[in-house]
Amino acid sequence: MSSHNMPASKPAAHALGQRFTRRPRWRTLLLGWAMLAALGWLGYLPFVGGAVPGIHGLAWVYSKLFAIALLTLLAVIVLLIVGGLALCLLLLLSFNLSWRQSARRGAAKVVWLLVTGVLLLVALLPALLAGYAPQAKQDIAPWSVTYRTVYVAFPLDDNYGDLMLLSCRSLGPCHQVYRGYTDIVSAGDAALAFNAVTNQVALNLQGQWVYVRSPDKELCSRSSQLTNGNGSCSFVPNE
Numbered sequence: 014m015s016s017h018n019m020p021a022s023k024p025a026a027h028a029l030g031q032r033f034t035r036r037p038r039w040r041t042l043l044l045g046w047a048m049l050a051a052l053g054w055l056g057y058l059p060f061v062g063g064a065v066p067g068i069h070g071l072a073w074v075y076s077k078l079f080a081i082a083l084l085t086l087l088a089v090i091v092l093l094i095v096g097g098l099a100l101c102l103l104l105l106l107s108f109n110l111s112w113r114q115s116a117r118r119g120a121a122k123v124v125w126l127l128v129t130g131v132l133l134l135v136a137l138l139p140a141l142l143a144g145y146a147p148q149a150k151q152d153i154a155p156w157s158v159t160y161r162t163v164y165v166a167f168p169l170d171d172n173y174g175d176l177m178l179l180s181c182r183s184l185g186p187c188h189q190v191y192r193g194y195t196d197i198v199s200a201g202d203a204a205l206a207f208n209a210v211t212n213q214v215a216l217n218l219q220g221q222w223v224y225v226r227s228p229d230k231e232l233c234s235r236s237s238q239l240t241n242g243n244g245s246c247s248f249v250p251n252e
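The numbers in the sequence shown follow the working numbering, run straight up by one, and end at 252.
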């Protein structure tokens, strides 16, 4: 008797197997989305704002998602317009009994596309809010520290923004030690210098020494917006 029941159980087992293979796929996609969103909102955005330490390379890679985020934004706008019209058309078709089932399937696909686009945009939105453009770099072997300048600005209008000075340990996180408002040209011209005699490192921004420190403490910090009367930090670079 049991041998006659075996073939009948195969379709049910196959359907059950398909159900379990679909769920892990959705879980994997949702997990990937959650990780990308957490990276952007809890890691990248606070880091470029100077609030928390972060990984320089990871921030740079995430910032390169700007183009994808911009395309996603445009796609979502198009989907909202076209999808809205499609939903209205499918709603009208649903009043016809012969088209009702097809209309429901089409509406479900349109809604799924809209939700997917919005979720992807939410995960990538930090890349649209703040750009991350590395500039100068100074390796200081005696300190086992690398200093980096990064220009942070709104990507769609990056003429003015902040120059962030990062202190990075080897294979470790970076943290902000200085931040100054400037323009994109001055950020590109900003320079780092190290004096091995005085054992000091300094940042030159807009023709002024605005930040100087020794291995164990900050010696001077000035805003680049100060007038010349207030002077800049005292630093003598190596000749």
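Glycine included, each C-beta is placed from N, C-alpha and C at the ideal position.
These figures come from a predicted structure and were not determined experimentally.
Collapsing the DSSP output to three states places L102 in a helix. Look at F248 here: in three-state DSSP terms it is coil, with no helix or strand label. Residue state for V89 is assigned as helix, using DSSP reduced to three classes. For D152, the enclosing beta strand (DSSP E) begins and ends at A146 to I153.
The continuous beta strand (DSSP E) containing Y191 extends over residues C187 to D196. Linking F167 to D196 through their CA atoms gives a straight-line distance of about 12 Å.
For G70, the uninterrupted alpha helix (DSSP H) segment begins and ends at H69 to S76.
About 6 Å separates the CB atoms of Y224 and L178; that is less than 8 Å, so the two are in contact. Under the DSSP assignment, V61 falls in the alpha helix (DSSP H) whose first and last residues are L58 to V61. In the assembly as shown, W222 is a buried residue. Its beta-carbon has 16 or more other beta-carbons within 10 Å. Residue range Y173 to R182 is occupied by the beta strand (DSSP E) that includes R182.
The bridge partners DSSP lists for A215 are A206 and V225. A Cβ-Cβ distance of about 10 Å is found for the pair L49 and A140, leaving them out of contact under the 8 Å criterion. Residue pairing for T162: DSSP places it in a beta bridge opposite L178. When the beta-carbon positions are compared, G130 and A80 stay at least 7 Å from each other.
Cβ contact annotation for S76 (same chain, cutoff 7 Å, sequence separation greater than five): A140, G144 and Y145, in chain order. S234 has Y224 as its beta-bridge partners, per DSSP. Between the stretch 205-215 and the stretch 181-191 there are fewer than three C-beta pairs closer than 8 Å, too few to call the two in contact.
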